[in-house]
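Last residue of the sequence shown: number 341 in UniProt numbering, and the count goes up by one each step with no gaps.
Every residue, glycine too, gets a C-beta built ideally from N, C-alpha and C.
Everything on this sheet refers to the single structure shown next.
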Amino acid sequence: MHIFYSEDHKLRDAKTELFGGELVAPFEAPFRAEWILAAVKEAGFRDVVAPDHHGLDVALKLHSPDYLDFLETAWSRWVADGYRGEAIATCFPARRMRQHPPRDIDGALGYYSFAAETAITEGTYAAARAAMDCALSAADHIHAGNRAAFALCRPPGHHAAIDLYGGYSFINNAACAAQRLRDQGAAKVAVLDVDFHHGNGTQDIFYERNDVYFASLHGDPVDAFPYFLGFADEEGAGEGLGTTKNYPLPRRTGYDVWSAAMADALARIAAFGAEAMVVSLGVDTFERDPISFFRLTSDDYIRMGAALKRTGLPVVVCMEGGYGVPEIGLNVANVLKGLSG
Ligand code: OKP
Ligand code: ZN
């Protein structure tokens with residue numbers, strides 16, 4: 001299996017995350033990709049390749065042009081205004097307020113985000129583009145006839161909505177992979193999101209479409225970020241009614257309950273008639289993840305990969321979350337092991 005990896009992920013190296021009322025060192029940091037890369041190589045996945053450079057044509061089918069322009073220019077606008085820290089949103093267009101992009105960068109940050117933990121920094125946009133390139137190249141690799149590919153995306157993408165960043169996400173890598181598979185001829189594609197957090201961005205992007213099925217297993221939003229989306233009664237809208245499926249799960253969920261939900265999701269994806277699948281892989285479902293509350297063990301990730309393989313679908317795996325502990329590498333390698341059989 002090919003691993004698509006770009007050194008440019010290191011350009012995303014924020015010094016701050018707003019957490020518990022403090023500016024702390026971000027959970028989503030360069031060591032994550034380094035640990036995961038080392039572990040997958042150690043597990044025998046040695047075909048590590050740099051992605052091809054892609055334009056924004058695929059992303060422009062998912063994100064708004066003004067949002068992508070904002071991402072590209074936000075840091076230089078912030079610096080030009082004389083701010084000294086990293087760019088953190090502080091004011092949002094909340095209930096009963098007007099939805100209009102301000103001219104001022106401080107206001108624009110709030111307009112284009114849904115959460116304040118994620119700072120925009122100098123290399124953030126370049127790294128996000130490289131992560132998108134990994135996802136697109138992995139999709140191209142499937143189109144070329146391969147059964148599976150791993151995009152080691154960093155920063156992650158599944159919280160990035162049509163015109164909102166947050167939750168460490170800027171460009172929705174998994175959605176780009178799904179769109180690429182569609183553009184290359186797959187009539188129907190599924191995105192299965194197994195990150196601990198609900199993939200609000202991916203859901204938003206495909207909510208009214210009937211060509212992409214979105215299923216997500218995650219911590220119940222009454223207890224877990226992103227708090228305001230991911231409930232069981234969100235099922236899609238318009239032409240997309242019935243093509244979104246959420247599995248909000250309680251604290252301490254282990255693989256027995258988790259895997260039953262995944263089996264249900266995979267059955268629905270098969271019934272939908274998906275010809276290819278994108279997996280938003282977060283390993284923050286791990287029992288010792290520092291910011292999450294599920295109880296998966298390292299061996300469970302082998303079973304997860306094997307279940308993905310049994311679908312018989314070609315699979316693009318996009319890296320999302322998984323933090324703090326050295327096991328993130330092993331857990332990702334175990335998914336790939338199960339998937340490649
Ligand atoms: C990104 B990905 C909890 C704060 C949560 C943001 C988490 C972003 C997760 N008290 N902060 O889905 O792994
Ligand atoms: Zn997550």
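Is the beta carbon of residue i less than 8 Å from the beta carbon of residue j?
i, j, result
"residue 58", "residue 176", "yes"
"residue 141", "residue 2", "yes"
"residue 36", "residue 304", "no"
"residue 12", "residue 107", "no"
"residue 255", "residue 296", "yes"
"residue 329", "residue 282", "no"
"residue 40", "residue 148", "no"
"residue 313", "residue 274", "yes"
"residue 4", "residue 150", "yes"
"residue 301", "residue 335", "yes"
"residue 8", "residue 130", "yes"
"residue 333", "residue 43", "yes"
"residue 112", "residue 102", "no"
"residue 284", "residue 195", "yes"
"residue 23", "residue 117", "no"
"residue 109", "residue 74", "yes"
If I measure Cβ to Cβ from residue i and keep anything under 8 Å in the same chain, skipping five residues before and after, which residues do I get?
i, result
"residue 226", "114, 115, 159, 166, 167, 197, 198 and 200"
"residue 307", "259, 262, 263, 266 and 338"
"residue 371", "This structure gives no information on residue 371, because the portion of the chain shown stretches from 1 to 341."
"residue 311", "266, 269, 270 and 277"
Should residue i be counted as a contact of the ligand OKP given a C-beta to heavy atom distance under 7 Å?
i, result
"residue 225", "yes"
"residue 205", "no"
"residue 248", "no"
"residue 36", "no"
"residue 328", "no"
"residue 208", "no"
"residue 159", "yes"
"residue 156", "yes"
"residue 42", "no"
Flag residue i as yes when its Cβ comes closer than 7 Å to any non-hydrogen atom of the ligand ZN, and as no otherwise.
i, result
"residue 320", "yes"
"residue 294", "no"
"residue 166", "no"
"residue 284", "yes"
"residue 193", "no"
"residue 143", "no"
"residue 196", "yes"
Considering only residues of the same chain and omitting the five flanking positions on each side of residue i, which have a CB-CB separation below 7 Å?
i, result
"residue 34", "none"
"residue 241", "235"
"residue 178", "189, 191, 212 and 278"
"residue 231", "221, 246 and 248"
"residue 202", "158, 172, 174, 175, 191, 193, 214 and 280"
"residue 250", "220"
"residue 359", "This structure leaves residue 359 out entirely; the chain is present only between 1 and 341."
"residue 10", "30"
"residue 72", "125"
"residue 210", "239, 240 and 243"
"residue 6", "50, 51, 130, 133 and 134"
"residue 292", "196, 219, 284 and 285"
According to DSSP, what are the bridge partners of residue i?
i, result
"residue 19", "22"
"residue 335", "Answer is none; residue 335 lacks a bridge partner."
"residue 218", "248"
"residue 113", "165"
"residue 4", "49 and 151"
"residue 296", "286"
"residue 370", "Residue 370 falls outside the range modelled here, since the chain spans only 1 to 341, and no answer is possible."
"residue 318", "151 and 280"
"residue 87", "120"
Using 10 angstroms around the beta-carbon of residue i, count the other beta-carbons present and answer buried if the total reaches 16, otherwise exposed.
i, result
"residue 236", "buried"
"residue 239", "exposed"
"residue 128", "buried"
"residue 45", "buried"
"residue 90", "exposed"
"residue 204", "buried"
"residue 137", "buried"
"residue 290", "exposed"
"residue 29", "buried"
"residue 104", "exposed"
"residue 326", "exposed"
"residue 83", "exposed"
"residue 63", "buried"
"residue 294", "buried"
"residue 65", "exposed"
Leaving out five residues before and five after residue i in sequence, what residues of the same chain have Cβ atoms less than 6 Å from its Cβ?
i, result
"residue 181", "139, 189 and 276"
"residue 317", "150, 279 and 281"
"residue 47", "2"
"residue 32", "none"
I want to see whether chain B comes within less than 8 Å of residue i, judged by CB atoms only; does it?
i, result
"residue 94", "Judged by its chain identifiers, the structure shown contains no chain B, having just a single protein chain."
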